[in-house]
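A.B. asks:
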Amino acid sequence: MRATSSVIVGRDAEIGLLDDALESARRGAGRAVFLVGEAGIGKSRLAGECALRAYDRDMPVLRGRATSTGLVVPFRPLAEALSSRFRAAGAPDDPELDPYRPALAGLVPEWRAAAATPGYTISLVELAEALLRLLAVLGRERGCVILLEDLHDSDTETIAVVEYVADNVADLPVLLVGTLRPDPGPASDLALAAELRNSASVTELGPLDETAVRTMVDACLDAAPGEVPPAAHRHLAQRAGGNPYLVEVLLADLLDLGRLSRAEDGWLLADHGEATVPTGAVRSWARRLARLDEPVRELLLIAATLGGRFSVGALRAVTGLDDRALFAHLRSASEAGIIAPDGAAHDHYTFRHVLTADALRASLPPAEQAALARRAASAIEEHAGASLTGGGADGTSGEQSQLVATLRLAAGDKVAASRQFAQVGRQMLDAGASGSAAVLLERARGLAAEGERDEVTVQLAIAQAESGRVDEAAALLDDLAPVPAGSPAAEERAQAHTQVAWVATMAEQQQEARRRIRAARALLGAEPRPEQEAALVVVEGHLALLPDQDDGEPADRDPADGDRGAGAGGRGGPDRLQQAERSARSAALTAEQRGRPVVACQAWQLLALLSRRRGFDEADACLVRMLEVAEKHRLAVSRAEALVRLGTNAFMRTGEATQLETARAAAHELGSLTVLQTVDGLLAMQSVLAGRWDRAREIVDRSVEASARLQNHSAHRYLLLVDATLAAHRGRAREQERALARFRRAGGEESMLVPLQRGLCQAVGALMAEDRGRAAAELDTARAWEREHPSFFYLSGRYGLRPLLRILDGDGPDGGREAYREALASPGGQLAWNRLFLGTADAVLRGRSGDPAGARRAVEEAGRAAAVFPQAWHLALRLVAEAALADGWGEPVAWLRTAEEYFHEAGVPPVAGACRALLRQAGVSVPQRRGGRERIPAELRTAGVTPREYEVFVLLLERPGNLQIAQRLCISPRTVEKHMASLMAKTGCVDRSALCALSAERAEDGGPAALAVHRPTA
C-alpha cells in the first residue's frame, strides 16, 4: 500500500521565502535560492511547490535534475530543464537570441542547425551567458523560474554555469532555485560562496518536529485529528528522525504488515511485542521486496544495481527479458510506487527516491552485490560491443562506459574500472568538456594500476589546464617520476607541458609558462623533432609579446589591433621581437610540413603582428596564409581569428567596416561570444571614427555589460574605452570622464590601451573643448608611454594628429617637421585616419613655404582620404583654416563655414564658436546661431534660459572663471558676466557658487539633459 502525503508540512518559512522570490522575479529583480538538506528531507517537494506557485502566476518554469547514478553527463540538468519547457511550448524565436543559439544548440534540440561550427568548443562562460539571455527573454513579461534539483550530483560544467547565473541574475526577471545535499563538494562550495557574496539565499531544511510528523501521517492516511493512535505517531517520529521520506516508507511498512489498520472508529496499531522495527529504510524495503513477485523483485534488484536512474536497454541486456515481460514487470514496480518513468528521457526510469535504490542494494549481502554488478557489467559490454570503445563523450556509449566502470568497481575490479573511466575522460577532453574529463580522469588515476597511473596523470594535467586550473596541472606534472629524455613517455609528457604552457601564456601567467617550456625542453633532450620545436617556439613567441611581469601585473590584449598583446617591453624589447619573428617564421613552415596545422596557424598569427613594423601588406599576407591553412584543415577557430585580424587591418587601412562585418558573421557562425564581443568593440570604434554615433552607442550598450559577465576582460576594457571615446568625440566632457572612470576601474590604465586612451580619446576630447594645449600634452603622454612600452598602436595620434598639432604650433627647432617625417615613413602613416591629418599637415607646410597651389592640392587629397571620417575631417578643416588665414592661402572662409555648420549641428559649441570667431577675425559677417533650444531642459526653457545661457550653465559644473568660459565659447568676458547675472535671476540662485552647485548637481543626476531650474524654498 502506498502512503504518500498530499500536503507539505512544517515548511511555512521556506514556502514564504519562495513566494517572495517569485514576486521579486516578476518585478524584474531576480534571485537565487538554494535549498540544502539530507536525502528525503523534502527538497524536491519544495521545488515542486515552487513550480506550482509559478504556474499559478503564469510564469514559465524550466525544471531539470542531475543524475544520481554517479555518471558524469555534462549539462544534463540544464538540458533537461530547457527540454521540459520547450517540449510543450516550443523554443523561442526572439531575434535577440540569435547570437546565442550556437552556444545553446547542445542543450536545445530545436537549435541544432545553429550549432557552433565543428572544431570550436563553446566556453562555459559563453554558454552561461547564453542561458542567462534566454532566461531573461522567457521572463520578460511575467518572470520565469529555473529549478535545478540534486546539484550535488551535477557535473562541474553545470556547477560553473549555475554559479554564473546566480551571480548575474539580480537585475533580470529570473528566479533560480537549486536543491542539494550538505555533503562537501563543488555544489556545496558554490552555495556557500554565493551566500557570502550576497548573490544567493541558502536555506537548510531540518527534520520535522513531532507535531509536523503527526500532521503528515494524518495527511497520508486521510485521517482526521485524533484518529491515528498516538503510539503510531511516536513510533514513526522516533524511527524516521523527522525525515519525511522515511516517514512515508515506514508508514507503508506498517500498513503492508497489517500492524496499522483502519477500524470503524479510526486506526488501530497492533501490539508487536518484541518485534524489531527497522531504524532505516533498508529492512523496510527488504520486507517489501519479499512480498513482491519473484520476477519483479529480481528486476528491481538489478535496476538498483544500475543506479537511481536506469535505461530500459541496459535492463533488457542484463535481465534477458523480452519486451512484453520486461514492461509488465516495470508496470508492476511502478504501480507499487517504487519506480516511475523518467520524464526527461522516454527510455529511462527512476526510483521514486535515491534512497530507495540504496536501500535495495543494501538489502543484499556484499558478495551477492558484487556478483550482480559483475553480471550486469558483462551483459552491458557484450550487448554494446565496439560502441563502448568508439563512441563520443556526449553519446550513449559514453554513459554506458561510465556505467560499466561503476559496475566493475562495485564488483571489485579497480583496474578495469580505471581503464573505462580514463577512456571516457579522454573522450570528454577531446569534446571540450574539460571539467567533466578531469573528474573522470581523477577517478581513473585513483584506481589505476601502478604501471598505468602516470599515463592517466598526464591526461589529467591537460584536463586541469584546459579547465583553467594551471597550478593544479603543473603540480601533477611535477610530481611524476623522472623518465629518460627522448623516450616515448618523455615525449608524451613534453607535449603535456607544452599544452599547459600555451594555456598559461593565454592567461598571461608568464612565469608558469616559462617553467613548463623549460620542463618540456628537458624532456625532449638536445634534439627535439622539428614539429616539437615548432610548438614550443610558438608559445615562446607569444610570450615575447608580453611585457615582463616584474611587478606581477598581467599584460593586456589590444582588441583594436586584433592580436594577443600589443607589444613587448622590458628587457631586450626589439631584439626579443626580432628573434621571435625569425623563430615564428621557421615554426610556421615546419608545422605545415609536419602536419601540425593548429601550430602553423598560431605561428602565422604571431607573424602577422610582428611584421606590421614593415607594413600592413606583409601582415595581411601572413593572415591570408593563416586563413588558407585553417580552411584546408577545417580549423573553425583559426579561420574566425584570421578573418577578424584581416578585418581589423582593413578597417585601420581604409576606415571601412566591410571586412569586419564579414568577420562578425564568421564569429556568429562559429558560436563564439568572446570573438563576437571583440569584433563588436572594433565595429563600435569604427562607428565612432565614422561619426555614426548612434550605432556606436547601440553596440556599446549591447555588449559592454555582457563582456564583463563573460570575464572577457580585453573586450570589456576596449568597449569601455570606446564609450569614453564616443563621448570625447561628441564634446561631452562629463560623460567622457564617467566612462574613463569605469575604464580605470577595469584596469584600463594598467593595460596596453593607454596610447589609445590618451591619443584617440582624451586628446580629441580636449580639441572638442578648444583646449589645444591639453590635447598636445595628452599626445605627448601617449608618445612617452610608447617609448617605454614599444607597441603596434597606430591610432594613438603619433602618426597623424600629433604631427599636425606640432606643425601648427611650430614646436621645436624644426617646427614639428621631424615628427611629421617620422609618421610619414611609418606603416601607421598609411592608415586612412592618419593620412587625413598628415595630408593637412603637408598643406600647412606647403602654405608656409610659399606653395599655395600645392597646399590646396594637399587639402583636397586629404579630403578624399577622409570621406569616411566626417568629424575628423571637419576638425582638420577648423585647424588648417587658422594657418591658411595667417599665411594667406586656400579657402579658409569656406572651410570655416563648413566646419562651423557641422559642429553646430553636432552639438559641439566650443568648436563651432571658435569657427565663428575666426570668421569674424577674417572680417566675415557671421549670423548669431539661435538654434539649440531643443537641448535645453523644459523647466529652463520655461524660465526663459537662452541657448547661449544654457551653454554657460553647462560649463559651470567645472567651476571655471569668466575668462575660461569666454575662451571656450569664443565670447567676451563681459558677455559672460551678463549671462551669469541672467542665469542667477532666472534660476533663483543667490550667487555664482549656488549656480555652479546647481549645474554640478543636475549633471550628477543625469548629465546636461537633466539640468533643471532651481527655485528657492524660502
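Quick note: the sequence shown uses the numbering used here, first residue 32, plus one each step. Cβ atoms here follow ideal geometry from the backbone N, Cα and C, with glycine treated the same way. Here the structure is a predicted model, which means the values were calculated and not measured.
Quick one: is ASN743 buried, meaning 16 or more other Cβ sit within 10 Å of its Cβ, or exposed?
C.D. replies: Classification for ASN743: buried.
A.B. asks: Please determine if the stretch 925-936 and the stretch 870-888 are in contact, where contact requires at least 3 C-beta pairs separated by less than 8 Å.
C.D. replies: The stretch 925-936 is not in contact with the stretch 870-888.
A.B. asks: By Cβ distance, which residues of its chain are closer than 6 Å to GLU817, with the 5 residues on each side in sequence left out?
C.D. replies: So the list reads PRO786, once near-sequence residues are dropped.
A.B. asks: Go ahead and pull the three-state DSSP assignment for GLY421.
C.D. replies: Below a pLDDT of 50, predicted positions are generally treated as unreliable, and GLY421, at 48, falls in that range; no measurement from the model is reported.
A.B. asks: Write down every uninterrupted run of the alpha helix (DSSP H) in the stretch 636-722 whose length is 4 residues or greater and which is fully enclosed by it, in chain order.
C.D. replies: Qualifying alpha helix (DSSP H) stretches, in chain order: 647-663, 667-685, 689-701, 704-720.
A.B. asks: Looking at the secondary structure, which residues open and close the alpha helix (DSSP H) in which THR1058 lies?
C.D. replies: The first residue shown for the chain is 32 and the last is 1049, placing residue 1058 beyond what the model contains.
A.B. asks: Buried or exposed for ALA759, please, with buried defined as at least 16 other CB atoms from any protein chain shown within 10 angstroms of its CB.
C.D. replies: Classification for ALA759: buried.
A.B. asks: Quick check on the burial criterion: 16 or more other C-beta atoms within 10 angstroms. Buried or exposed for PRO261?
C.D. replies: Exposed, by the Cβ-count rule.
A.B. asks: Is the distance from the Cβ of GLY790 to the Cβ of ALA755 below 8 Å?
C.D. replies: No, these two residues do not count as a Cβ contact at 8 Å.
A.B. asks: Using a threshold of 8 Å, state whether the C-beta atoms of GLU235 and GLY68 are closer than that.
C.D. replies: In this structure, GLY68 lies closer than 8 Å to GLU235 by Cβ.
A.B. asks: Report the option in ASP509, PRO515, ALA516, LEU460 whose CA atom is closest to the CA atom of GLN490.
C.D. replies: Among ASP509, PRO515, ALA516, LEU460, the Cα nearest to that of GLN490 belongs to LEU460.
A.B. asks: Which residues bound the alpha helix (DSSP H) around GLY870?
C.D. replies: Counting along the chain, the alpha helix (DSSP H) containing GLY870 begins and ends at 863-879.
A.B. asks: Output the distance between the C-alpha atoms of PRO108 and ASP373, rounded to the nearest integer angstrom.
C.D. replies: Whole-angstrom Cα-Cα distance: 13 Å.
A.B. asks: Would you call GLY429 buried or exposed, if buried means 16 or more other Cβ atoms sit within 10 Å of its Cβ?
C.D. replies: Answer is buried; the Cβ neighbour count reaches 16.
A.B. asks: Could you tell me the alpha carbon to alpha carbon distance between ALA243 and VAL40, rounded to whole angstroms?
C.D. replies: Taking the straight line joining both Cα atoms gives about 6 Å.
A.B. asks: Taking the alpha-carbon positions, what's the LEU66 to VAL92 distance?
C.D. replies: About 17 Å.
A.B. asks: Between TRP142 and the ligand NAP, is the CB less than 7 Å from at least one heavy atom?
C.D. replies: The ligand NAP is not part of the structure shown, which contains no ligands of any sort.
A.B. asks: Based on DSSP bridge pairs, tell me the residues matched to HIS379.
C.D. replies: Paired residue(s): SER342.
A.B. asks: Between which two residues does the beta strand (DSSP E) harbouring PRO63 extend?
C.D. replies: Per the sequence shown, the amino acid found at residue 63 is Ala instead of Pro. Residues 62-67.
A.B. asks: Excluding sequence positions up to five away, which residues of its chain have a Cβ less than 7 Å from the Cβ of ALA794?
C.D. replies: Only ALA806, GLU809, LEU810, GLY828, LEU832 meet the Cβ criterion.
A.B. asks: Just to confirm, are GLU936 and CYS946 a CB contact at a threshold of 8 Å?
C.D. replies: No, the Cβ-Cβ distance between GLU936 and CYS946 is not below 8 Å.
A.B. asks: Mind listing, in chain order, the continuous beta strand (DSSP E) runs of no fewer than 3 residues lying wholly within the stretch 987-1016?
C.D. replies: Fully enclosed beta strand (DSSP E) runs of 3 or longer: not present.
A.B. asks: Determine whether the Cβ of ARG999 lies closer than 8 Å to any Cβ atom of chain C.
C.D. replies: Note that chain C does not occur in the displayed structure, where there is just one protein chain.
A.B. asks: By the 10 Å Cβ neighbour count, where 16 or more other Cβ atoms means buried, how is THR210 classified, buried or exposed?
C.D. replies: Buried.
A.B. asks: Take the Cβ of ALA120 as the centre, count every other Cβ of all protein chains shown within 10 Å, and call the residue buried at 16 or more, exposed below.
C.D. replies: The residue is exposed, with fewer than 16 neighbouring Cβ atoms inside 10 Å.
A.B. asks: Would you call GLN624 buried or exposed, if buried means 16 or more other Cβ atoms sit within 10 Å of its Cβ?
C.D. replies: By the neighbour-count rule (16 or more Cβ atoms within 10 Å), GLN624 is not buried but exposed.
A.B. asks: Among ARG340, LEU836, ARG723, which one has its Cα closest to the Cα of VAL103?
C.D. replies: Measuring from the Cα of VAL103, the nearest candidate turns out to be ARG340.
A.B. asks: Excluding the 5 residues preceding and the 5 following LEU471 in the sequence, name in chain order all residues of the same chain whose CB lies nearer than 6 Å to its CB.
C.D. replies: Taken in chain order, the residues that qualify are VAL103, PHE452, VAL455, GLY456.
A.B. asks: Leaving out five residues on either side along the sequence, give the residues of the same chain with a beta carbon under 6 Å from the beta carbon of CYS81.
C.D. replies: Here the set comprises LEU49, VAL208.
A.B. asks: Under DSSP, the beta strand (DSSP E) around ALA294 begins and ends at which residues?
C.D. replies: It spans 291-294 - the beta strand (DSSP E) in which ALA294 sits, taken as one unbroken run.
A.B. asks: Can you list, in chain order, the residues of its chain with a C-beta nearer than 6 Å to that of VAL531? Leave out the 5 residues immediately preceding and following it.
C.D. replies: Correct list, in chain order: ALA496, ALA504, ARG547.
A.B. asks: Of the residues TYR276, GLU160, GLY79, ARG644, which one's Cα is nearest the Cα of GLU180?
C.D. replies: GLU180 has its Cα closest to that of GLY79, out of TYR276, GLU160, GLY79, ARG644.
A.B. asks: Does the stretch 281-299 come within contact of the stretch 329-345, defined as at least 3 CB pairs closer than 8 Å?
C.D. replies: Short answer: they don't touch.
A.B. asks: Please name the residue or residues paired with TRP298 in a DSSP beta bridge.
C.D. replies: Paired residues: ARG293.
A.B. asks: Roughly how many angstroms separate the alpha carbons of MET799 and LEU507, rounded to a whole number?
C.D. replies: Going by the C-alpha atoms only, they are around 57 Å apart.
A.B. asks: Please list, in chain order, all residues of the same chain as LEU14 whose beta carbon is under 7 Å from its beta carbon, the five residues on each side excluded.
C.D. replies: Look at the range of the chain in this structure, 32 to 1049, and you will see that residue 14 is not part of it.
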